[in-house]
Amino acid sequence: MQRDQTFDELAGRCGEWLKGTGPESDIVISSRIRLARNLADFPFIRRCSDEDRLSIERTIRARLDKIPELNEVRYIDVEELSEVDRQFLVERQLISRELADSDGARGVAIDPNEQFSVMVNEEDHLRIQVMHSGLDLENAWQQINRLDDLIESAITYAYHPKYGYLTACPTNVGTGLRVSVMMHLPALVITRQIDKVFRSLQKISVTVRGLYGEGSQYTGDFYQVSNQITLGKTEVELMQQVSEVVPLLIDYERRARQFLVEQSEKDLHDDVSRALGILCTAKKISSEETMHYLSKVRMGVNLGLIDEVAVNIINKLFIHTQPAHLQKLRGKLLGSSDRNIERANYLHQHLSDPGKRESDLN
Amino acid sequence: MKCQYCEKPATFHITELIGPDGPQVMHLCEEHARTFLAKESTSPSASIAGALAKQLKLTGKPSAETEQKECPVCGISFFEFRNTGRLGCPYDYTHFDTELEPLLVNIHDAAEHKGKHPRRAAVSADSQARLIQLRREMEEAIEREDYERASEIRDRIRELEETGNR
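One line per chain: the protein sequences are A and B, in this order.
Note that this note's numbering has the first sequence beginning at 4, numbered continuously upward.
Note that this note's numbering has the second sequence beginning at 1021, numbered continuously upward.
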């Protein structure tokens, strides 16, 4: 396993989840699956002593090291990272906020393509996740299933014949599987249909969360659609629950966009152009406001109303303008108001002459 | 449109899904949106964690006897589990089986795993649980400075770890 701690080369790249490729990628941003697993011979994390946590981390690291297929994977000791580096990994969706904010021995193994990561000592001893661009659950499942088998060949998981894979929280027990499809649904927000859609989803055990998971807000009109239950159905059945509603949501969003175009193309065109104008010319701008306008511009580009900027640039700006990324890209720590100024500069640089700037971002 | 708390224009339109009266749209200026979001991110909400909290409440307060029931392996009481929503060790699923099953049925609408299972022959769950227990006993021995007992336990742990089919 690789072991270095610099993220500078990662910062310039986009990561898997906002690459903006793959099927239906104008609306479906990414398909993510995670499995919660625990070692059989240790207490769950909240009940662990410091020594337990250390032994768990050491055990898992040593075992992962022995798996030849995981040779390229890089292990990061999250405990040793600075605040901004932890935040950086959260923004890239490689670790959870919970792992970033907790204490004690913990880490994450990340593959070079950022398609999978294995969090160590989060709420469970192991949180394996695979993320693919666009709507690609089937392949994501195959990859994570293989990965789980590989890790299981080296580690004895806590498993119960009746309850399946045992987890610290009973809401994850059984398969330990959470499928999350990240969708960009600005038109459903504008037409105020989003609540209705969510209410109907909740009735069929599908849940909706914000960009950064449980408890986070619905920033930039990004929504994660996930399975609610984990026990009593096979992994494939749980995945199907989610993958059956995604095409419906895509269809609703497309129809809402069409409706907006037909109803008031001028207004919509005006709205998205103004959003682009603000992003290009603002002198200081918060990250929430940036997300808000980027979301409009993204829809404008996807609808062909804006052609002076490429969608891959917008996708990158979503992540590059977040606090930790901005500081990494600028190579210095910045306070919140300095960040707002730098963010405005950064947006201006990359949006005012996008044709020329495209190569810079790649 | 104006912010619902002041005269500034509303630039943020936030949909609150888990409000007391169902979904609700908030129209806020940037400043009020920031206050709202900051408050929001620290409050426990969200559907999955929320579902558990609701179930724990719905199942009512168990008898004092149940509340005090303790797992012999990790030492967590059922009361502690109810308070935190997190279990202490894998053995809890066996020890608190009677109490957990109805809860699992409420959450998942099922009580039996149907998905994949580990391919390797399962190691005895008893010896795994015994390891958790011994490590805890060793720490307790160290705490009361009974180093002789601690070293005995450590030897026993090593023995078990080595025989543990890995």
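No residue lacks a Cβ here, since even glycine has one placed at the ideal position from N, Cα and C.
Note that the coordinates shown come from a computational prediction; the quantities given were computed from them, not determined experimentally.
Which residues does DSSP list as the beta-bridge partners of residue i?
| i | result |
| --- | --- |
| residue 1047 (chain B) | B:1033 |
| residue 210 (chain A) | A:229 |
| residue 38 (chain A) | A:131, A:180 |
| residue 1090 (chain B) | B:1097 |
| residue 185 (chain A) | A:33, A:227 |
| residue 119 (chain A) | A:133 |
| residue 160 (chain A) | A:42 |
| residue 1022 (chain B) | B:1029 |
| residue 113 (chain A) | A:77, A:120 |
| residue 1111 (chain B) | Note: residue 1111 (chain B) sits in no beta bridge, so no partner. |
| residue 168 (chain A) | A:162, A:177 |
Under 8 Å between C-beta atoms, does residue i make it to chain B?
| i | result |
| --- | --- |
| residue 55 (chain A) | yes |
| residue 8 (chain A) | At residue 8 (chain A) the pLDDT is 48, less than 50, meaning the model places this residue with poor confidence and gives no usable figure here. |
| residue 283 (chain A) | no |
| residue 167 (chain A) | yes |
| residue 23 (chain A) | no |
| residue 250 (chain A) | no |
| residue 49 (chain A) | yes |
| residue 187 (chain A) | no |
| residue 45 (chain A) | yes |
| residue 52 (chain A) | yes |
| residue 326 (chain A) | no |
| residue 78 (chain A) | no |
| residue 293 (chain A) | no |
| residue 343 (chain A) | no |
| residue 233 (chain A) | yes |
| residue 194 (chain A) | no |
| residue 177 (chain A) | yes |
Output needed for residue i: all residues of its chain with C-beta closer than 8 Å, excluding positions within five of it in sequence on either side, in chain order.
| i | result |
| --- | --- |
| residue 1071 (chain B) | 1127 |
| residue 265 (chain A) | none |
| residue 1154 (chain B) | 1173, 1176, 1177, 1180 |
| residue 166 (chain A) | 176, 177, 234 |
| residue 1101 (chain B) | 1107, 1108, 1112, 1116 |
| residue 69 (chain A) | 157 |
| residue 362 (chain A) | For residue 362 (chain A), the predicted model reports a pLDDT of 46, less than 50, meaning its position is unreliable; a value from the coordinates is still stated below. So the list is empty, once near-sequence residues are dropped. |
| residue 1030 (chain B) | 1021, 1022, 1023, 1024, 1047, 1048, 1049 |
Indicate whether at least one CB of chain A lies closer than 8 Å to the CB of residue i.
| i | result |
| --- | --- |
| residue 1094 (chain B) | yes |
| residue 1132 (chain B) | yes |
| residue 1148 (chain B) | yes |
| residue 1136 (chain B) | yes |
| residue 1113 (chain B) | yes |
| residue 1029 (chain B) | no |
| residue 1155 (chain B) | yes |
| residue 1032 (chain B) | yes |
| residue 1001 (chain B) | Look at the range of chain B in this structure, 1021 to 1186, and you will see that residue 1001 (chain B) is not part of it. |
| residue 1026 (chain B) | no |
| residue 1174 (chain B) | no |
| residue 1106 (chain B) | yes |
| residue 1166 (chain B) | no |
| residue 1110 (chain B) | yes |
| residue 1052 (chain B) | no |
| residue 1179 (chain B) | no |
Whole-angstrom Cβ separation of residue i and residue j, contact assumed at under 8 Å?
| i | j | result |
| --- | --- | --- |
| residue 19 (chain A) | residue 136 (chain A) | 6 Å |
| residue 1152 (chain B) | residue 321 (chain A) | About 44 Å; that fails the 8 Å criterion. |
| residue 81 (chain A) | residue 102 (chain A) | 6 Å |
| residue 79 (chain A) | residue 124 (chain A) | No, residue 79 (chain A) and residue 124 (chain A) are not in contact; Cβ-Cβ is about 13 Å, not under 8 Å. |
| residue 158 (chain A) | residue 66 (chain A) | 5 Å |
| residue 1093 (chain B) | residue 1113 (chain B) | So it is not a contact: roughly 11 Å between Cβ atoms. |
| residue 234 (chain A) | residue 177 (chain A) | 3 Å |
| residue 211 (chain A) | residue 201 (chain A) | 5 Å |
| residue 129 (chain A) | residue 41 (chain A) | 7 Å |
Here's a check: name, in chain order, each residue in its chain whose Cβ is nearer than 6 Å to the Cβ of residue i, leaving out the five neighbours to either side.
| i | result |
| --- | --- |
| residue 1140 (chain B) | none |
| residue 120 (chain A) | 97, 111, 113, 132 |
| residue 1089 (chain B) | 1098 |
| residue 282 (chain A) | 296, 350, 354 |
| residue 308 (chain A) | 272, 275 |
| residue 22 (chain A) | 136 |
| residue 318 (chain A) | 21, 23 |
Following a CB-centred definition, is residue i positioned closer than 7 Å to any heavy atom of the ligand SAM?
| i | result |
| --- | --- |
| residue 166 (chain A) | Inclusion of the ligand SAM in the displayed structure is not the case, the ligand content being empty and no account of it being possible. |
Enumerate in chain order the residues of its own chain whose CB-to-CB distance from residue i is below 7 Å, with the five nearest sequence positions on each side excluded.
| i | result |
| --- | --- |
| residue 1039 (chain B) | Reliability of the predicted coordinates at residue 1039 (chain B) is poor, the pLDDT of 45 falling under 50, and the value obtained from them is presented with this limitation in mind. Cβ within range, chain order: n/a, list empty. |
| residue 246 (chain A) | 140 |
Which runs of the beta strand (DSSP E), 3 residues or longer, sit entirely within the region 33-111 of chain A?
-> Runs of the beta strand (DSSP E) inside the region 33-111 of chain A: 77-80.
Alpha helix (DSSP H) runs wholly inside the region 1126-1169 of chain B, at least 4 long, in chain order = Given a length threshold of 4 residues, each whole run of the alpha helix (DSSP H) inside the region 1126-1169 of chain B is given here in chain order: 1145-1163.
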